[in-house]
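In our numbering, the protein residues as written are 509 to 664. Just so you know, even glycine gets a beta-carbon here, dropped at the ideal spot from N, CA and C. Some notes on the structure that comes next.
Structure representation (structure tokens):
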């Protein structure tokens, strides 16, 4: 699906609302420090020039944001969707024990979004497992019938 920059901004804002980072587009403007409620709308709809640091300021809310996608539409919205590993913060600095006992890594909370995706994957996996179990039961029944036929043939 090819999108223009306006559409990508709208997709990003809907995502930010969905995962609870912001409550609305106006809320985003307030959190970014804009005093006029309509500023974000004006930037997104290209009514005013986009500030040079606009994308960097947006990525402060979502460190996983793929800025290249936002600018060009190439790739995925989130870097983690490409399969890359992302760490937010210094994983072995401060009091953290790098041995694995106390790995205090605090990514931005996207629990609702991630859990929805997890549940979808689990449901799909469950369906595949049930289908595989049904096929296994059918194959076992066929094997049992074959063994019975062979046993009866040997008795004669």
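Just to confirm, are residue i and residue j a CB contact at a threshold of 8 Å?
| i | j | result |
| --- | --- | --- |
| residue 536 | residue 519 | no |
| residue 555 | residue 563 | no |
| residue 625 | residue 578 | no |
| residue 546 | residue 572 | no |
| residue 583 | residue 511 | no |
| residue 585 | residue 565 | no |
Name the one or two DSSP bridge partners that residue i has.
| i | result |
| --- | --- |
| residue 748 | With the chain covering only 509 through 664, there is no way to say anything about residue 748. |
Could you give the DSSP three-state label for residue i: helix, strand or coil?
| i | result |
| --- | --- |
| residue 517 | helix |
| residue 512 | coil |
| residue 543 | coil |
| residue 537 | helix |
| residue 664 | coil |
| residue 564 | helix |
| residue 548 | helix |
| residue 602 | Residue confidence is low: residue 602 scores 48 on pLDDT, short of 50, so the model does not pin down where it sits. Its coordinate-derived value is still stated next. The answer is coil: DSSP assigns residue 602 none of H, G, I, E or B. |
| residue 555 | coil |
| residue 642 | helix |
How would you label residue i, buried or exposed, when you count the other beta carbons within 10 angstroms and need 16 or more for buried?
| i | result |
| --- | --- |
| residue 522 | exposed |
| residue 533 | buried |
| residue 524 | buried |
| residue 514 | exposed |
| residue 655 | exposed |
| residue 636 | exposed |
| residue 657 | exposed |
| residue 530 | buried |
| residue 630 | exposed |
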